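Numbering (my numbering), first residue to last: 62 to 280.
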C-alpha cells in the first residue's frame, strides 16, 4: 500500500485499541487460544456457524463502508480489504459446512435470532451517513478479524479445511490511514465510534458462544 506521513496522536493506536477491546480481550477467545482442546465438536460448529451468520453474507461491513467513503486516501485500503475479505467469506463458509450443523441448547434457544440482530446492527453501522463511522467499522473489522482468525485456522485443521493466508492491509497501514483521517477531530471521533460499535458486537458474539458452551456442559 501507499505510505503516508504519520501524524502524532495522544491516544493509543487503533490497532492497540482493538487488541485491548476486541475479540482477543474476551475470556472465551483467551481460553481457546490457551487450550484449543477444550472445544467439543458442537462448540466448533457453533463458532463456525455463527461467525458465518454474522460475516458470511455479501455485501458485508467493508463493502457497505466502501459505498459511504469518498476520501481518496481510503480507496486503496478499502479495495485491498474488500478483496481480502471476499476470500475470507469463502473460507468461513467452507468451515461451516465441514463443521456440521449446530444444535439447540434449550427449548427456547434464541441464539440465531440474536446473531441475526447483530448482523442487522452491523449493516446499519456500516451504512452510517456520519463521516468516518462506516470506515471505522471497516478498520475494526479487519484489525479484529486478524485477532480471531487463529481460532478459525485451528478449526480448519480440526475439520480438514485448507486455511490459506489472509491478505489484508497491514496494521501499520491501517493505523497510518486512521491517523491521517483523525486530523479532523470530528472524523476521528466518528471512526472510533464505528470501531467501538463493531467491537461491541464481536464481544457479544463471543459471550453468546461461551454461554452456549456452558449450557451444554451443564447437561
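Don't be surprised by glycine CBs; every beta carbon is placed ideally from N, CA and C. None of these values were measured; they are calculated from a predicted model.
Checklist entry - Which of helix, strand or coil does DSSP assign to residue 238? => result Position 177 of the chain shown, counting from 1, holds the residue named residue 238. Judged by DSSP in its simplified three-state form, residue 238 adopts helix.
Checklist entry - Would the beta-carbon of residue 76 fall within 8 Å of that of residue 232? => result If you number the chain shown from 1, residue 76 lands on position 15. If you number the chain shown from 1, residue 232 lands on position 171. Yes, these two residues count as a Cβ contact at 8 Å.
Next on the checklist: For residue 230, report the span of its alpha helix (DSSP H) as first-last.
Outcome noted: Locating residue 230 in the chain shown gives position 169, counting from the first residue. From DSSP, residue 230 is part of no alpha helix (DSSP H); its letter is neither H nor E.
Item to check | First and last residue of the uninterrupted alpha helix (DSSP H) at residue 134 | outcome: In the chain shown, counting from the first residue as 1, residue 134 sits at position 73. 133–160 is the extent of the alpha helix (DSSP H) around residue 134.
Next on the checklist: What does the alpha-carbon distance come out to for the pair residue 142 and residue 131?
Outcome noted: If you number the chain shown from 1, residue 142 lands on position 81. If you number the chain shown from 1, residue 131 lands on position 70. Distance between the alpha carbons of residue 142 and residue 131 is about 16 Å.
Item to check | Extent of the continuous alpha helix (DSSP H) to which residue 97 belongs | outcome: Taking the first residue of the chain shown as 1, we reach residue 97 at position 36. Premise fails: residue 97 is in no alpha helix (DSSP H) and is neither H nor E.
Next on the checklist: I'd like the list of long-range same chain contacts for residue 82, defined as Cβ closer than 6 Å, with 5 residues on each side in sequence excluded.
Outcome noted: If you number the chain shown from 1, residue 82 lands on position 21. In its chain, beyond the 5 residues on either side, 260 have a beta carbon closer than 6 Å to the beta carbon of residue 82.
Next on the checklist: For residue 178 and residue 156, I'd like the C-alpha separation in whole angstroms.
Outcome noted: Here residue 178 refers to the residue found at position 117 when the chain shown is read from its first residue. Here residue 156 refers to the residue found at position 95 when the chain shown is read from its first residue. Distance between the alpha carbons of residue 178 and residue 156: 22 Å.
Next on the checklist: According to DSSP, is residue 211 part of a helix, a strand, or is it coil?
Outcome noted: Here residue 211 refers to the residue found at position 150 when the chain shown is read from its first residue. DSSP places residue 211 in the helix class (H, G or I) of the three-state scheme.
Checklist entry - Does the separation of the CB atoms of residue 185 and residue 123 fall below 8 Å? => result Mapped onto the chain shown, residue 185 falls at position 124. Mapped onto the chain shown, residue 123 falls at position 62. Not a contact, by the Cβ cut-off of 8 Å.
Next on the checklist: Spatial neighbours of residue 163 within its chain, please: C-beta separation below 6 Å, excluding the five flanking residues on both sides.
Outcome noted: For this step, residue 163 is matched to residue 102 along the chain shown. 106, 107 and 110.
Checklist entry - If you count every other CB in all the chains shown that lies within 10 Å of the CB of residue 253, and 16 or more means buried, which is it? => result As a working mapping, residue 253 is identified with position 192 in the chain shown. Answer is buried; the Cβ neighbour count reaches 16.
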